[in-house]
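Chemist: So the sequence shown is numbered by full-length UniProt numbering: it starts at 1 and just counts up by one.
From the three backbone atoms N, C-alpha and C, an ideal C-beta is built for every residue, glycine too.
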Amino acid sequence: EKWSLYWRTSMNTKTELLDPFVMDVTPTMKCADVKAKIAERFMWEPVSQLLRLEGFEENWELMVFEGRECADDSTLEDCGIEDGNTVTTVRKVLVAEGWKIGGNGDDDSDTDED
1 EKWSLYWRTS MNTKTELLDP FVMDVTPTMK CADVKAKIAE RFMWEPVSQL
51 LRLEGFEENW ELMVFEGREC ADDSTLEDCG IEDGNTVTTV RKVLVAEGWK
101 IGGNGDDDSD TDED
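Pasting the structure below:
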């Protein structure tokens, strides 16, 4: 359980472990492109469309190989990733159950209907 500085209440975290899968990639493919292919495969919203709390500067997605984070602008070859290696990806999504999260341009409301 983690505490939210924004709502002064506890927020639960949720972890989903997905089944491993095989993906065709090339050694010159950028890590950012691999993460985009994974998001497309699972029909995830693009990172650019995810809501972000003010002050939250962490990456939404991480790609990890042998305990090291792979930079988005690095190629798989730069990271030492070869055919048959296992790569772990992590995606963080803001989950605020019971709260309405407004986007830019949304007006505040005090009614129960919103």
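Here's the rule: buried if 16 or more other CB atoms are within 10 angstroms of the residue's CB, otherwise exposed. What is tryptophan 3?
Modeler: Caution applies to tryptophan 3, whose pLDDT of 49 falls short of 50 and renders its modelled position unreliable; the value that the coordinates give is listed next. The residue in question, tryptophan 3, is exposed, as its Cβ has fewer than 16 Cβ neighbours within 10 Å.
Chemist: Could you give the distance in angstroms between the alpha-carbon of valine 64 and the alpha-carbon of glutamine 49?
Modeler: Each residue's alpha carbon lies about 23 Å from the other.
Chemist: Which word fits valine 22, buried or exposed, when buried means at least 16 other C-beta atoms lie within 10 angstroms of its C-beta?
Modeler: Its Cβ having fewer than 16 others within 10 Å, valine 22 is exposed.
Chemist: DSSP on residue 115, reduced to helix/strand/coil?
Modeler: Since the first residue of the chain shown is 1 and the last is 114, residue 115 is not available in this structure.
Chemist: Using only the alpha-carbon positions, how far apart do aspartate 19 and phenylalanine 42 sit?
Modeler: Those two C-alpha atoms are separated by around 11 Å.
Chemist: So what does arginine 91 bridge to, in DSSP terms?
Modeler: Answer by DSSP bridge pairing, in chain order: Glu61.
Chemist: Between Cys79, Asp83 and Glu58, which lies nearest to cysteine 31 when the distance is taken from Cα to Cα?
Modeler: Checked all of Cys79, Asp83 and Glu58; the closest Cα to cysteine 31 is Cys79.
Chemist: From the DSSP secondary-structure annotation, give me the bridge partner or partners of lysine 30.
Modeler: DSSP lists Thr75 as partners of lysine 30.
Chemist: Would you identify the three-state DSSP class for glutamate 16, choosing helix, strand or coil?
Modeler: Glutamate 16 falls in the coil class under three-state DSSP.
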